[in-house]
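In the working numbering, the protein residues as written are 84 to 413.
Structure record follows, encoded as structure tokens.
Below is the structure:
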């Protein structure tokens with residue numbers, strides 16, 4: 084074999100026993116006829132410790148009433164739910180098995196990845212268990228909308244073939260270390276077109292310990308519910324009553340009441356709201372930039388928000404201490 088082939092074989096032999104096949108069962112309701120029907124799904128996962136914890140995508144197990152896991156030896160188990168972070172599409176499930184049968188993956192630092200680096204994806208595309216594909220990192224720090232309006236900007240783009248059933252499986256480097264979780268493909272047909280995406284291992288390493296401890300991710304909360312994007316910055320549209328931002332002195336729109344005879348008319352004065360232009364002296368251009376920066380912090384951290392305030396648009400700095408989000412569960 085060539086040196087390149089030897090690396091390919093080495094990675095597969097080292098890691099294929101760490102990859103599991105996940106199948107799910109659930110029910111959905113027909114909104115028109117109010118009838119329930121059975122649903123099935125499939126995906127991949129990676130064993131992360133000898134206790135039987137398995138890493139996968141949240142969307143693989145979302146709404147599942149039963150999750151089954153099949154190991155390399157063909158043995159199947161009914162898995163239990165441990166925790167999930169829907170925002171980052173990460174979940175952990177668990178099976179009960181002897182440690183000697185479990186082969187955990189090891190993680191690598193995804194911040195050191197380079198475009199052009201060789202990568203390997205092992206998963207179960209179309210139910211074909213423990214299939215390996217290889218390619219290169221096509222780009223780094225891609226933006227990918229994973230859930231609702233949340234966008235992750237540290238996504239890894241790869242050209243290794245990723246198809247339905249690969250979701251939740253590991254993306255590996257040439258040393259057989261996990262550098263990401265394969266999560267999506269860019270395709271009009273739903274099949275690989277040479278553009279795949281993976282959640283980086285550094286994000287996984289930040290989320291998983293909290294899922295194991297709390298069952299959910301404790302996100303930092305600043306107490307700003309909505310903003311308007313303008314050319315100058317972010318105009319605060321709504322603050323959480325009693326939240327960190329309001330307590331710190333940030334200002335939202337003002338409700339102005341005017342009496343006209345027996346009628347009281349209310350109008351919203353958006354000009355009274357603060358315009359956010361920077362956080363910790365970093366210029367903020369979009370709501371996604373602002374949210375990503377806050378998400379990089381921890382509850383209890385303090386951030387300095389620079390706003391333009393009043394008709395004179397006077398620069399004002401407000402220190403806000405972040406709290407733990409109250410909407411932690413998926």
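From the three backbone atoms N, C-alpha and C, an ideal C-beta is built for every residue, glycine too.
None of these values were measured; they are calculated from a predicted model.
Return the CA-CA distance between residue i and residue j, expressed in angstroms with no decimal places.
i, j, result
"residue 194", "residue 285", "7 Å"
"residue 280", "residue 109", "27 Å"
"residue 134", "residue 255", "22 Å"
"residue 411", "residue 198", "Any answer about residue 411 is weak, because its pLDDT of 47 lies below 50 and its placement is not dependable; what the coordinates show is given next. Cα to Cα, the separation comes out at about 34 Å."
"residue 154", "residue 402", "51 Å"
"residue 146", "residue 196", "34 Å"
"residue 244", "residue 373", "33 Å"
"residue 149", "residue 261", "27 Å"
"residue 333", "residue 248", "46 Å"
"residue 264", "residue 139", "7 Å"
"residue 89", "residue 179", "34 Å"
"residue 379", "residue 303", "8 Å"
"residue 227", "residue 235", "5 Å"
"residue 152", "residue 371", "36 Å"
"residue 289", "residue 190", "12 Å"
"residue 161", "residue 385", "43 Å"
"residue 92", "residue 127", "20 Å"
"residue 129", "residue 204", "11 Å"
"residue 125", "residue 211", "11 Å"
"residue 398", "residue 361", "10 Å"
"residue 215", "residue 99", "8 Å"
"residue 253", "residue 209", "16 Å"
"residue 400", "residue 363", "9 Å"
"residue 287", "residue 97", "21 Å"
"residue 159", "residue 192", "32 Å"
"residue 322", "residue 202", "44 Å"
"residue 200", "residue 324", "48 Å"
Indicate, with yes or no, if the ligand ADP has a heavy atom lying under 7 Å from the CB of residue i.
i, result
"residue 366", "With respect to the ligand ADP, the structure shown offers nothing to examine, as it has no ligands at all."
Restricting to Cα atoms, I'd like to know which of the options is closest to residue i.
i, options, result
"residue 335", "167, 326, 369", "326"
"residue 351", "216, 361, 197, 319", "319"
"residue 86", "257, 187, 198", "257"
"residue 311", "186, 196, 359", "359"
"residue 157", "141, 140, 185", "185"
"residue 414", "406, 313, 347", "Outside the modelled stretch of the chain, which goes from 84 to 413, sits residue 414, for which no answer is possible."
"residue 307", "328, 99, 355, 130", "328"
"residue 60", "396, 123, 299", "One cannot answer for residue 60 here, as it falls past the ends of the chain, which runs 84 to 413."
"residue 396", "381, 84, 365, 356", "356"
"residue 292", "141, 369, 167", "167"
"residue 407", "305, 298, 216", "305"
"residue 278", "298, 330, 217", "217"
"residue 389", "344, 342, 331", "331"
"residue 369", "97, 317, 342, 321", "317"
"residue 132", "177, 84, 344, 315", "177"
Beta-carbon separation of residue i and residue j under 8 Å?
i, j, result
"residue 136", "residue 207", "no"
"residue 251", "residue 94", "no"
"residue 213", "residue 102", "yes"
"residue 238", "residue 225", "yes"
"residue 347", "residue 340", "yes"
"residue 182", "residue 301", "no"
"residue 282", "residue 296", "no"
"residue 188", "residue 294", "no"
"residue 394", "residue 376", "no"
"residue 367", "residue 349", "no"
Legend entry - Ordered list of beta strand (DSSP E) runs contained in the stretch 158-242, each at least 3 residues: 159-168, 173-177, 201-206, 214-230, 233-241
Inset, instruction - Just list the beta strand (DSSP E) runs in the stretch 294-349, keeping only unbroken ones of 3 residues or longer that don't cross its boundaries, in chain order. - result: 307-312, 317-322, 337-343
Legend entry - Three-pair Cβ contact test at 8 Å for the stretch 173-191 versus the stretch 212-231: no
Inset, instruction - Enumerate, from N- to C-terminal direction, the unbroken alpha helix (DSSP H) stretches of 4 or more residues contained entirely within the stretch 129-156. - result: 141-144
Legend entry - Uninterrupted beta strand (DSSP E) stretches inside the stretch 357-407 (no shorter than 3 residues): 358-362, 385-392, 397-404
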